[in-house]
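Engineer:
There are 2 protein chains.
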Amino acid sequence: MRYAVLGTGEVGRTLGGKLAELGHEVTLGSRTKDNPTALEWAAGAGGSAGTFAEAAAAAEVVVNAVGGRVALAALEAAGVANLDGKVIVDVSNPLAIEEGQLRLDPVESDSVGEQIQRAFPHARVVKTLNTVNCQVMVDPARVPGEHQMFVCGEDAGAKEEVTALLGEFGWPAHRVLDLGGIRAARSLEMYLPLWVNVYQSLGHADFNLEVRRAR
Amino acid sequence: MRYAVLGTGEVGRTLGGKLAELGHEVTLGSRTKDNPTALEWAAGAGGSAGTFAEAAAAAEVVVNAVGGRVALAALEAAGVANLDGKVIVDVSNPLAIEEGQLRLDPVESDSVGEQIQRAFPHARVVKTLNTVNCQVMVDPARVPGEHQMFVCGEDAGAKEEVTALLGEFGWPAHRVLDLGGIRAARSLEMYLPLWVNVYQSLGHADFNLEVRRAR
Numbered sequence: 001m002r003y004a005v006l007g008t009g010e011v012g013r014t015l016g017g018k019l020a021e022l023g024h025e026v027t028l029g030s031r032t033k034d035n036p037t038a039l040e041w042a043a044g045a046g047g048s049a050g051t052f053a054e055a056a057a058a059a060e061v062v063v064n065a066v067g068g069r070v071a072l073a074a075l076e077a078a079g080v081a082n083l084d085g086k087v088i089v090d091v092s093n094p095l096a097i098e099e100g101q102l103r104l105d106p107v108e109s110d111s112v113g114e115q116i117q118r119a120f121p122h123a124r125v126v127k128t129l130n131t132v133n134c135q136v137m138v139d140p141a142r143v144p145g146e147h148q149m150f151v152c153g154e155d156a157g158a159k160e161e162v163t164a165l166l167g168e169f170g171w172p173a174h175r176v177l178d179l180g181g182i183r184a185a186r187s188l189e190m191y192l193p194l195w196v197n198v199y200q201s202l203g204h205a206d207f208n209l210e211v212r213r214a215r
Numbered sequence: 001m002r003y004a005v006l007g008t009g010e011v012g013r014t015l016g017g018k019l020a021e022l023g024h025e026v027t028l029g030s031r032t033k034d035n036p037t038a039l040e041w042a043a044g045a046g047g048s049a050g051t052f053a054e055a056a057a058a059a060e061v062v063v064n065a066v067g068g069r070v071a072l073a074a075l076e077a078a079g080v081a082n083l084d085g086k087v088i089v090d091v092s093n094p095l096a097i098e099e100g101q102l103r104l105d106p107v108e109s110d111s112v113g114e115q116i117q118r119a120f121p122h123a124r125v126v127k128t129l130n131t132v133n134c135q136v137m138v139d140p141a142r143v144p145g146e147h148q149m150f151v152c153g154e155d156a157g158a159k160e161e162v163t164a165l166l167g168e169f170g171w172p173a174h175r176v177l178d179l180g181g182i183r184a185a186r187s188l189e190m191y192l193p194l195w196v197n198v199y200q201s202l203g204h205a206d207f208n209l210e211v212r213r214a215r
């Protein structure tokens with residue numbers, strides 16, 4: 001498959017690297033054509049680097065791995081025509097540190113997942129992976145147990161495609177919990193403060209939630 | 001021990017019933033002295049019923065089991081002098097349904113746990129149990145696995161006392177995860193929308209989170 005991964009931070013490089021390792025064609029997208037981090041990544045991972053628009057134009061599936069607060073700007077730069085009909089995998093969190101405090105924006109009455117789906121109504125947005133560190137995203141076996149990955153989105157076919165992608169990453173389908181429509185992106189994004197508290201309590205990011213259930 | 005459980009809803013009655021079953025003296029507190037639900041509970045469970053102030057005055061430990069949005073009003077009715085120096089176990093969520101949508105208030109920039117600690121600075125507030133259904137609160141074995149209970153609060157001694165109480169409910173100490181100061185009540189309350197989504201996905205409330213970790 002041909003993937004665009006938007007964002008050259010640790011999340012984008014890690015996801016892009018794993019996709020390339022799995023044999024996919026990957027373009028790491030950034031604001032500028034000659035982003036040194038993206039070029040270095042491309043040389044090392046055997047992928048390509050380009051602008052957001054170049055990456056999205058070449059791709060069948062677009063992964064949003066920029067920060068949640070700049071996601072709409074990056075996708076607008078990618079271009080609506082380059083996104084129409086495509087699956088957008090949104091792994092972002094609308095996270096910022098303000099005066100030493102973690103803050104989310106939007107929060108509770110909206111989510112980045114919904115913002116993207118509203119802004120690009122012909123794209124098929126699936127929210128997933130935002131509840132774990134990027135190392136765990138692409139290597140869930142770092143954490144023992146039958147821990148969960150969540151997905152939500154409006155398009156059942158898109159969720160199936162993303163579930164298959166999660167399977168390539170090491171998340172078997174029985175551990176993928178479908179939370180329904182894209183509105184559930186709110187609850188997935190609102191989990192982040194608890195993730196941060198658990199991270200601070202454990203002292204590392206190699207953890208994830210297993211939803212234990214009576215039946 | 002002598003407990004006040006503020007609130008005559010399902011959460012209050014369930015917690016009060018378990019505490020009475022464990023041999024504690026329990027007063028179920030409500031706005032009025034002759035609340036029929038509280039009187040019926042008292043007759044059945046072998047506890048007492050009274051106003052918020054009567055319940056708190058008689059108690060060594062106060063459990064806030066009214067809804068998060070009315071918690072301050074209930075505790076003010078209980079009376080600051082009846083709360084001074086006492087452990088307040090806050091199990092509430094600031095939850096309301098507005099136009100068919102789940103809403104939290106406060107959210108993200110504050111929490112009920114913090115509101116209570118600020119309003120009653122000489123009380124020792126511990127936030128816990130708000131992340132599970134009340135049946136699971138008092139009978140964690142309904143759900144298989146080593147799933148977690150979270151605590152947070154400013155007073156280490158109070159957290160130890162509450163951890164011992166959780167032990168009586170069936171939560172062994174190694175499954176109680178301390179998230180630090182009362183500010184973490186924000187993240188525990190913000191988990192609620194995800195709880196609701198998982199509840200809707202599974203179709204029942206007999207579930208809880210196990211924090212799986214590499215180490």
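If you read the protein sequences in the order shown, they are chains A and B.
Counting in our numbering, the first sequence runs without a single skipped number right up to 215 at its last residue.
Counting in our numbering, the second sequence runs without a single skipped number right up to 215 at its last residue.
We put the beta carbon where it would ideally sit given N, CA and C, even for glycine.
(1) Does the stretch 137-152 of chain B come close enough to the stretch 68-80 of chain B to have 3 or more Cβ pairs within less than 8 Å?
(2) Residues in the same chain with beta-carbon distance under 6 Å from Ser-48(B), minus the five sequence neighbours each way, listed in chain order, please.
(3) Are the stretch 195-213 of chain A and the stretch 173-183 of chain B touching, with three or more C-beta to C-beta distances below 8 Å?
(4) Whose Cβ in chain B lies nearer than 9 Å to the Cβ of Arg-175(A)?
(5) Following the continuous alpha helix (DSSP H) through Ser-187(B), name the residue where it begins and the one where it ends.
(6) Helix or strand or just coil, what does DSSP make of Gln-115(A)?
(7) Report yes if the CB atom of Ala-185(B) is closer than 7 Å to the CB atom of Cys-152(B), and no otherwise.
(8) Mind pulling the chain A residues with CB within less than 8 Å of Val-143(B)?
(9) Which residues bound the alpha helix (DSSP H) around Val-136(A)?
(10) Smallest Cα separation from Ala-56(B): which of Leu-165(B), Leu-83(B), Leu-39(B) and Asp-34(B)?
(11) For the stretch 89-115 of chain B, enumerate the residues whose C-beta is nearer than 8 Å to any C-beta of chain A, in chain order.
(12) Work out the CA separation of Ala-59(B) and Val-138(A) for me, nearest whole Å.
(13) Can you find a C-beta in chain B that's less than 7 Å from the C-beta of His-24(A)?
(14) Please state whether the Cβ-Cβ distance between Gly-170(B) and Ala-141(B) is less than 7 Å.
(15) How many Å lie between Ala-119(A) and Arg-212(A) at the Cα?
(16) Within 10 angstroms of its Cβ, does Gln-101(A) collect 16 or more other Cβ (buried), or is it exposed?
(17) Suppose contacts are defined by Cβ-Cβ distances below 7 Å. Is Val-125(B) in contact with Gly-113(B) by that definition?
(18) Assign Arg-142(A) to one of three DSSP states: helix, strand, or coil.
(19) Name the chain A residues whose beta carbon is nearer than 8 Å to that of Val-198(B)?
(20) Mark Thr-32(A) as exposed unless 16 or more other C-beta atoms lie within 10 angstroms of its C-beta, in which case mark it buried.
(21) Residues of chain B with a CB under 7 Å from the CB of Arg-186(A): which are they?
(22) Compare the C-beta of Ser-48(B) against all C-beta atoms of chain A and say whether one is closer than 7 Å.
(23) Name the chain A residues whose beta carbon is nearer than 8 Å to that of Asp-206(B)?
(24) Output the distance between the C-alpha atoms of Leu-72(B) and Ala-81(B), rounded to the nearest integer angstrom.
(25) CB of Ser-92(B) to nearest heavy atom of the ligand SAM: below 6 Å?
Structural biologist: By the coordinates alone:
(1) no
(2) Here the question's residue 48(B) lines up with position 48 in the second sequence. Once the five neighbours on either side are set aside, the close Cβ partners of Ser-48(B) are Thr-27 and Ala-42.
(3) yes
(4) Looking up residue 175(A) in the first sequence gives position 175. Within chain B, no residue comes near Arg-175(A); the closest Cβ sits about 11 Å away, beyond 9 Å.
(5) As a first step, residue 187(B) is located in the second sequence; it is residue number 187 there, counting from the start. Looking at the DSSP string, the run of the alpha helix (DSSP H) that includes Ser-187(B) is 185-190.
(6) Here residue 115(A) corresponds to residue number 115 of the first sequence, with the count starting at 1. Here Gln-115(A) sits in helix by DSSP.
(7) Numbered from 1 along the second sequence, position 185 holds the residue referred to as residue 185(B). Numbered from 1 along the second sequence, position 152 holds the residue referred to as residue 152(B). In contact: Ala-185(B) and Cys-152(B) (Cβ atoms closer than 7 Å).
(8) Position 143 of the second sequence holds residue 143(B). Within 8 Å Cβ-Cβ: Arg-212, Arg-213 and Ala-214.
(9) Indexing the first sequence from 1 puts residue 136(A) at position 136. Looking at the DSSP string, the run of the alpha helix (DSSP H) that includes Val-136(A) is 134-138.
(10) The sequence position of residue 56(B) within the second sequence is 56, counting from 1. Out of Leu-165(B), Leu-83(B), Leu-39(B) and Asp-34(B), Leu-83(B) has the C-alpha closest to the C-alpha of Ala-56(B).
(11) Arg-103, Leu-104, Val-107, Glu-108 and Ser-109
(12) For the purposes of this step, residue 138(A) is identified with residue 138 of the first sequence, where counting begins at 1. For the purposes of this step, residue 59(B) is identified with residue 59 of the second sequence, where counting begins at 1. If I take the Cα positions, the gap works out to 51 Å.
(13) Residue 24(A) sits at position 24 when you count from the first residue of the first sequence. For His-24(A), the answer is no, since every Cβ of chain B falls outside 7 Å of its Cβ.
(14) Position 170 of the second sequence, counting from 1, holds the residue named residue 170(B). Position 141 of the second sequence, counting from 1, holds the residue named residue 141(B). Going by C-beta atoms, Gly-170(B) is nearer than 7 Å to Ala-141(B).
(15) Working through the first sequence from its first residue, we reach residue 119(A) at position 119. Working through the first sequence from its first residue, we reach residue 212(A) at position 212. Rounded to the nearest angstrom, the two C-alpha atoms are 36 Å apart.
(16) What you label residue 101(A) is simply residue 101 of the first sequence in a count that begins at 1. Under this definition Gln-101(A) is an exposed residue.
(17) Residue 125(B) sits at position 125 when you count from the first residue of the second sequence. Residue 113(B) sits at position 113 when you count from the first residue of the second sequence. Taking 7 Å as the Cβ cut-off, Val-125(B) and Gly-113(B) qualify as a contacting pair.
(18) What you label residue 142(A) is simply residue 142 of the first sequence in a count that begins at 1. Reduced to three states, the DSSP call for Arg-142(A) is helix.
(19) Your numbering for residue 198(B) matches position 198 in the second sequence. Going along chain A in sequence order, the residues near Val-198(B) (Cβ under 8 Å) are Leu-177, Leu-179 and Val-211.
(20) Residue mapping note: residue 32(A) aligns to position 32 of the first sequence, counting from 1. The residue in question, Thr-32(A), is exposed, as its Cβ has fewer than 16 Cβ neighbours within 10 Å.
(21) In the first sequence, the residue the question calls residue 186(A) occupies position 186. By Cβ distance, chain B contributes Pro-193.
(22) Along the second sequence, one-based indexing puts residue 48(B) at 48. No - not a single Cβ of chain A is within 7 Å of the one on Ser-48(B).
(23) Here residue 206(B) is taken as the residue at index 206 of the second sequence, counted from 1. Within chain A, the residues near Asp-206(B) are Arg-213, Ala-214 and Arg-215.
(24) For this step, residue 72(B) is matched to residue 72 along the second sequence. For this step, residue 81(B) is matched to residue 81 along the second sequence. Going from the Cα of Leu-72(B) to the Cα of Ala-81(B) covers about 15 Å.
(25) Within the structure as shown, the ligand SAM is missing, as the structure has no ligands at all.
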